[in-house]
Structure formats: C-alpha cells, structure tokens
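Written below as structure tokens is the structure these notes are about.
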Amino acid sequence: IEAEAAHGTVTRHFRVHQKGGETSTNSIASIFAWTRGLAHRAKLDDNARLLDFTQKLEDACVGTVESGKMTKDLALLVHGSSKVTRGDYLNTEEFIDAVAAELQSRLAAN
7 IEAEAAHGTV TRHFRVHQKG GETSTNSIAS IFAWTRGLAH RAKLDDNARL LDFTQKLEDA
67 CVGTVESGKM TKDLALLVHG SSKVTRGDYL NTEEFIDAVA AELQSRLAAN
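Have a look at this one:
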C-alpha cells in the first residue's frame with residue numbers, strides 16, 4: 007500500500023496561516039493518506055469497525071464535495087478561474103468542519 011499526502015501548496019498555505027491569513031487548503035489527499043493506512047491496518051487486524059470508519063470518512067469527503075461544499079482549488083475547476091467568488095468555496099477550517107459534519111451524519115446512520 008502506498009499513499010502520499012499533498013505537499014508544496016500546503017507549505018505555502020501554512021505560511022499564510024501563520025501570518026493570520028485565510029487559506030483554502032484541500033485536505034482530501036491528507037485524509038485519504040490516513041484512511042488508506044488505517045484501512046490496511048484494519049485488514050491486518052481483522053478490525054471491521056475501523057475499516058467501516060475509514061470508508062465512511064472517505065465517503066464523507068466525497069459527499070461533502072458532491073454537495074457543493076469544496077475548497078478553492080476545486081471551485082476553480084468547477085466554475086472556472088474567472089468566475090469563482092468567495093461564496094463558491096470554503097476556507098480550510100470550514101471545509102474540515104463540513105467533512106466532520108458529514109462524517110457524523112454517516113456514523114449516526116449506523
């Protein structure tokens with residue numbers, strides 16, 4: 007199993023964050039790097055609950071974006087660079103909160 011989180015842009019965004027600026031960092035790659043590692047661990051340990059959690063977290067990421075809640079990089083792809091407004095995307099914290107809310111909903115449906 008191999009998974010790699012994003013780099014480069016994340017470092018630049020962190021520098022902006024350190025200066026108090028707003029960022030819109032897409033955390034999906036980092037989340038999937040963790041879920042893929044945890045899913046592999048779940049299979050090795052025959053841990054169905056952990057495997058279910060990883061799938062629900064990945065589904066929550068996808069579902070959040072499919073519902074129109076996304077970071078700026080994805081909004082640029084969807085709407086085009088000349089048409090994106092601040093209302094079209096979430097900042098980093100807003101996106102993570104949206105994924106967390108979607109995950110909680112999926113976990114509660116269990």
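Numbering (my numbering), first residue to last: 7 to 116.
Note that CB positions come from ideal geometry on N, CA and C, so glycine has one too.
- The three-state reading of DSSP puts VAL68 in helix, counting H, G and I together.
- Within a 10 Å sphere around the beta-carbon of SER73 sit fewer than 16 other beta-carbons, which makes this residue exposed.
- The three-state secondary structure of GLU99, taken from DSSP, is helix.
- Of ALA107, SER111, MET76, ALA104, the smallest CA-CA separation from GLY93 is found for MET76.
- Per DSSP, the continuous alpha helix (DSSP H) segment holding VAL84 begins and ends at 78-85.
- The stretch 26-42 and the stretch 78-96 touch, with three or more beta-carbon pairs separated by less than 8 Å.
- In this structure THR17 is exposed. Its beta-carbon is surrounded by fewer than 16 other beta-carbon atoms within 10 angstroms.
- The three-state reading of DSSP puts LYS62 in helix, counting H, G and I together.
- Counting the other CB atoms within 10 Å of its CB gives LEU113 a total below 16, which places it among the exposed residues.
- Distance between LEU63 and HIS85, taken at the CA atoms: about 26 Å.
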